[in-house]
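Peer 1: Residue numbering for the sequence shown follows numbering that gives the first Met the number 0, starting at 0 and increasing by one per position.
Every residue, glycine too, gets a C-beta built ideally from N, C-alpha and C.
Let me give you the structure first, and then I'll get to my questions.
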Amino acid sequence: MSADPSSPAYFGRYQVVEELGAGAMGVVYLCVDSRLARPVAVKVLRENELMTEAEREQYHARFRHEAEAAGRLTHPDIVQIYDIGPSYLVMEFLEGRALGAFLKAGGWLSVRQICSLVLRVADAIDYAHRHGIVHRDIKPANIMMMDDASVKVLDFGVARLDSSNLTAAGTVVGSVQYMAPEQMMGERVDGRADVFSLAAVAYELLTGRAPFPGKTITEVVSRVVHGAHVPPREVDPRFPEVVNGPFARAFAVDPAARTRRAMDFARELYEAAQPILDMEVIHGAPEATPTQVPVPGTTVQVPPGLGPRPAPARVGLLLLDSDPPGARVYLDGSPVGETPLPGVEAALGRHVVRMEAEGREAVSAEVELERDRPLRALSFTLPLPTPADAPIRPGQLVEFSPAVTPPQRISGAVPAYPPAAHERGLEGAPVVELWVGETGQVVDVAIVESAGALLDAAVLEAVAAWQFTPARLRGVPVSVRLTFQHLFRR
């Protein structure tokens, strides 16, 4: 899709390449960061033409506040915000596919893959909640499926700016089918609204249909506020009865009776789905004949045994994958299976994960499962063994080993504390990964752990200008990747 000729050629230092898409919240463009020469996605928010100047200023101030809060989120499954303009966001450019587009295209997923996806999104949601941010618009269109089987959740901190998710009577807006009842009624929402929405997404992934179907917004709202969803087993008899329970709790109309944490729902679902993890679900197929749903206004009884459960044990969960797949996995020296492994339970604390495969070098890493971050996703590439006498090409990208002479920085200033960040009392320690080429120049640099747009930009600008002595392997200049962390403290 090419850019609209009427669109600006630049947003700040970001040159517009093409329009990627448009929605109710705004327009997204593929742009190039002219300073760092990297692709970015720029989301330009729509403004109500009827706003007064004072209302517009208030809207922009609110946008900056929400975007800055979201920009401080650093999680592998949340899209990274690089920069904030007057009415636009600059984000990492993702070469993936929106979950909504995947569902419409008629793709298929195994229940194991669905549970893995739900677990990762749940971890991102709970992480944001711990930092005081409620998404308010969890839906397939805001979840990106990446080529490496990871996911990215979009639009944290921005959805609340949209004051009109519901249209006039007679039309169904996509978001409404995933919206919690208290949000529909204009009441104050907290993280449990996101749990409801995540459950609605999971339900659609498992059954191929929305949990609260309707041809008009009135029908959808009526079903939601009366808790009139069809239990999954009634949609597909292949599901065991226990799969109904996590949804009955997550779809509770009263937030006080609802599952509190997204990860609690995801874990309950994963546990309930154990007998059918290898079952495949095809999306985009015609819906089955609708099952009878209780008429709004009647009481919906939760079946015996599906009521609130005691809090889950304080254990963590590891999502493990490898390239190539089929690697043998050892957790603290004990075999746990072969990749991909979407759910390996482990006690909170430090663990050593090791992967082995025939004809590949083994890879191991230490991982820590923490009380406030009990889920970690690890994906290892198991390299082919390199014979000692194999020729080394100049510029070849190599892994660090005792045989590699590391590069040494010979020029370039340390990152300067941005005055604006200093004045606002911002502190942090962003981590970047840089690619040093065979000439010692920095070929590429990217944020690995963000400390916010201002501090990230300062580090990126400084590191991009550094010059090194080349790394060498057996006397040949080679390319390597390094990580660098800089602490900004007042």
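Just tell me which of Arg-327, His-225, Val-117, Ser-321 has its CA closest to the CA of Met-262.
Peer 2: Walking along the sequence shown from the start, residue 262 turns up at place 263. Comparing Cα positions, the closest option is Val-117.
Peer 1: In the region 94 to 141, which residue ranges form an unbroken alpha helix (DSSP H) of at least 4 residues, counting only runs that do not cross its ends?
Peer 2: 98 to 103, 110 to 129
Peer 1: Can you list, in chain order, the residues of its chain with a C-beta nearer than 6 angstroms to that of Val-335? Leave out the 5 residues immediately preceding and following it.
Peer 2: Counted from its first residue, the sequence shown places residue 335 at position 336. Correct list, in chain order: Val-328, Val-343.
Peer 1: Could you tell me which residues DSSP pairs with Ala-345 in its beta bridges?
Peer 2: Taking the first residue of the sequence shown as position 1, residue 345 is located at position 346. In DSSP, Ala-345 forms a bridge with Gly-315.
Peer 1: Can you find the residues in the same chain that come closer than 7 angstroms, C-beta to C-beta, to Gly-20, ignoring five residues on each side of it along the sequence?
Peer 2: Counting from 1 along the sequence shown, the entry for residue 20 is found at position 21. These residues qualify, in order along the chain: Val-27.
Peer 1: Determine the burial state of Trp-107: buried for a count of at least 16 other Cβ atoms within 10 Å of its Cβ, exposed for fewer.
Peer 2: Position 108 of the sequence shown, counted from the first residue, corresponds to residue 107. So Trp-107 counts as exposed.
Peer 1: Can you tell me whether Lys-214 is buried or exposed? The criterion is at least 16 other CB atoms within 10 Å of its CB, across all chains shown.
Peer 2: Here residue 214 corresponds to residue number 215 of the sequence shown, with the count starting at 1. The residue in question, Lys-214, is exposed, as its Cβ has fewer than 16 Cβ neighbours within 10 Å.
Peer 1: Just checking my contact of Pro-239 with Pro-212 at CB under 8 angstroms: how many whole Å lie between their CB atoms?
Peer 2: Locating residue 239 in the sequence shown gives position 240, where the first residue counts as 1. Locating residue 212 in the sequence shown gives position 213, where the first residue counts as 1. Actually they do not touch by this definition, with Cβ atoms about 23 angstroms apart.
Peer 1: Do you know offhand how far Glu-368's Cα is from His-350's?
Peer 2: Residue 368 sits at position 369 when you count from the first residue of the sequence shown. Residue 350 sits at position 351 when you count from the first residue of the sequence shown. Correcting the residue identity first, residue 368 is Leu in this sequence and not Glu. Cα to Cα, Leu-368 sits roughly 8 angstroms from His-350.
Peer 1: Straight-line CA distance for Gly-358 to Leu-383?
Peer 2: Taking the first residue of the sequence shown as position 1, residue 358 is located at position 359. Taking the first residue of the sequence shown as position 1, residue 383 is located at position 384. C-alpha separation (whole angstroms): 7 angstroms.
Peer 1: Between the Cα of Met-178 and those of Asp-82, Gln-407, Gln-484, Ala-251, spot the shortest distance and give me the residue it belongs to.
Peer 2: For the purposes of this step, residue 178 is taken as the residue at position 179 of the sequence shown. For Met-178, the nearest C-alpha among the options comes from Ala-251.
Peer 1: Taking the Cβ atom as the reference point for each residue, do Thr-468 and Gln-407 lie within a distance shorter than 8 angstroms?
Peer 2: What you label residue 468 is simply residue 469 of the sequence shown in a count that begins at 1. What you label residue 407 is simply residue 408 of the sequence shown in a count that begins at 1. Cβ distance < 8 angstroms, so Thr-468 and Gln-407 count as in contact.
Peer 1: How would you call Pro-390, buried or exposed, if buried means at least 16 neighbouring beta carbons within 10 angstroms?
Peer 2: Here the question's residue 390 lines up with position 391 in the sequence shown. With fewer than 16 other Cβ atoms within 10 Å, it is exposed.
Peer 1: Have a look at the DSSP bridge pairing and note the partners of Lys-42.
Peer 2: Taking the sequence shown and counting its residues from 1, the one referred to as residue 42 is at position 43. Lys-42 pairs with Val-27, Leu-88.
Peer 1: Tell me whether the region 32 to 41 and the region 87 to 97 touch, counting them as touching only if at least three CB pairs, one residue from each stretch, are closer than 8 angstroms.
Peer 2: Three or more pairs of CB atoms, one per stretch, sit closer than 8 angstroms, so the region 32 to 41 contacts the region 87 to 97.
Peer 1: What would DSSP say about Val-186, mapped onto helix, strand or coil?
Peer 2: Position 187 of the sequence shown, counted from the first residue, corresponds to residue 186. Contrary to the premise, residue 186 reads as Glu rather than Val in this sequence. Reduced to three states, the DSSP call for Glu-186 is coil.
Peer 1: Please state the DSSP three-state secondary structure of Tyr-269.
Peer 2: Reading the sequence shown from its first residue, position 270 is the one you call residue 269. Looking at Tyr-269 - three-state DSSP - the assignment turns out to be helix.
Peer 1: If contacts are defined as beta-carbon pairs under 8 angstroms, then Thr-206 and Pro-231 qualify, I think. What distance do you get, rounded to the angstrom?
Peer 2: For the purposes of this step, residue 206 is taken as the residue at position 207 of the sequence shown. For the purposes of this step, residue 231 is taken as the residue at position 232 of the sequence shown. Contact flag correct, Cβ pair sits at about 6 angstroms.
Peer 1: What are the boundary residues of the alpha helix (DSSP H) that Thr-482 is part of?
Peer 2: The residue given as residue 482 occupies position 483 in the sequence shown. Where Thr-482 is concerned, there is no enclosing alpha helix (DSSP H), although the beta strand (DSSP E) it sits in stretches over 479 to 484.
Peer 1: Would you call Phe-399 buried or exposed, if buried means 16 or more other Cβ atoms sit within 10 Å of its Cβ?
Peer 2: In the sequence shown, counting from the first residue as 1, residue 399 sits at position 400. Answer is exposed; the Cβ neighbour count stays below 16.
Peer 1: Give the secondary structure of Met-262 by DSSP, where H, G and I count as helix, E and B as strand, and everything else as coil.
Peer 2: Position 263 of the sequence shown, counted from the first residue, corresponds to residue 262. In the structure shown, Met-262 sits in a helix (DSSP, three-state: H, G or I).
Peer 1: Using a Cβ-Cβ cutoff of less than 7 angstroms, which residues in the same chain neighbour Gly-11 once the five nearest sequence positions on both sides are dropped?
Peer 2: For this step, residue 11 is matched to residue 12 along the sequence shown. For Gly-11, where only same-chain residues beyond five positions count, the Cβ hits under 7 angstroms are Gly-84.
Peer 1: Taking DSSP's pairing of strands, which residues face Gly-427 in a bridge?
Peer 2: Locating residue 427 in the sequence shown gives position 428, where the first residue counts as 1. The secondary-structure analysis by DSSP pairs Gly-427 across a beta bridge with Phe-487.
Peer 1: Looking at the unbroken beta strand (DSSP E) that takes in Tyr-58, where does it start and where does it end?
Peer 2: As a position in the sequence shown, residue 58 is number 59, starting the count at 1. Here Tyr-58 belongs to no beta strand (DSSP E); instead the alpha helix (DSSP H) covers 52 to 70.
Peer 1: Which full runs of the alpha helix (DSSP H) of 4+ residues lie inside the region 172 to 234, going along the chain?
Peer 2: 180 to 183, 190 to 206, 216 to 224, 231 to 234
Peer 1: Report buried or exposed for Thr-338, applying the criterion of at least 16 other Cβ atoms within 10 angstroms of its Cβ.
Peer 2: Sequence index remark: in the sequence shown, residue 338 carries index 339 (1-based). Thr-338 is buried by the Cβ-count criterion.
Peer 1: With a CB to CB cut of under 6 angstroms and the five nearest residues on each side skipped, what residues in its chain are close to Ala-123?
Peer 2: Position 124 of the sequence shown, counted from the first residue, corresponds to residue 123. His-74, Asp-76, Ile-77, Val-152.
Peer 1: Distance check for Leu-396 and Val-280, CA to CA, integer angstroms please.
Peer 2: Looking up residue 280 in the sequence shown gives position 281. Looking up residue 396 in the sequence shown gives position 397. Taking the straight line joining both Cα atoms gives about 40 angstroms.
Peer 1: Spatial neighbours of Asp-82 within its chain, please: C-beta separation below 7 angstroms, excluding the five flanking residues on both sides.
Peer 2: Along the sequence shown, read from residue 1 onward, the residue named residue 82 stands at position 83. Setting aside the 5 residues that flank it on each side, Asp-82 is surrounded in the same chain by Val-89, Ala-452, Ala-456, each with a C-beta closer than 7 angstroms to its C-beta; the list follows chain order.
Peer 1: Indicate whether Leu-318 and Ser-115 have their beta-carbon atoms separated by less than 8 angstroms.
Peer 2: Position 319 of the sequence shown holds residue 318. Position 116 of the sequence shown holds residue 115. Yes, the Cβ-Cβ distance between Leu-318 and Ser-115 is below 8 angstroms.
Peer 1: Can you find the residues in the same chain that come closer than 7 angstroms, C-beta to C-beta, to Ala-8, ignoring five residues on each side of it along the sequence?
Peer 2: Working through the sequence shown from its first residue, we reach residue 8 at position 9. Counting only Cβ-Cβ distances below 7 angstroms, and skipping sequence neighbours, we find Gln-14, Val-15.
Peer 1: State buried or exposed for Gly-315, treating a residue as buried only when at least 16 other CB atoms are found within 10 Å of its CB.
Peer 2: Along the sequence shown, one-based indexing puts residue 315 at 316. By the neighbour-count rule (16 or more Cβ atoms within 10 Å), Gly-315 is buried.
Peer 1: Mapping DSSP to helix, strand and coil, what is Leu-276?
Peer 2: For the purposes of this step, residue 276 is taken as residue 277 along the sequence shown, with counting starting at 1. The answer is coil: DSSP assigns Leu-276 none of H, G, I, E or B.
Peer 1: Going by DSSP, name the residue or residues bridged to Phe-379.
Peer 2: By 1-based counting over the sequence shown, the position of residue 379 is 380. Bridge partners of Phe-379: Ser-321.
Peer 1: Quick check: the Cα distance between Leu-381 and Leu-340, rounded to an integer number of angstroms?
Peer 2: In the sequence shown, counting from the first residue as 1, residue 381 sits at position 382. In the sequence shown, counting from the first residue as 1, residue 340 sits at position 341. Cα to Cα, the separation comes out at about 16 angstroms.
Peer 1: Have a look at Asp-154 and Ala-192 and give me their C-alpha separation to the nearest angstrom.
Peer 2: Here residue 154 is taken as the residue at index 155 of the sequence shown, counted from 1. Here residue 192 is taken as the residue at index 193 of the sequence shown, counted from 1. Their backbone Cα atoms lie some 16 angstroms apart in a straight line.
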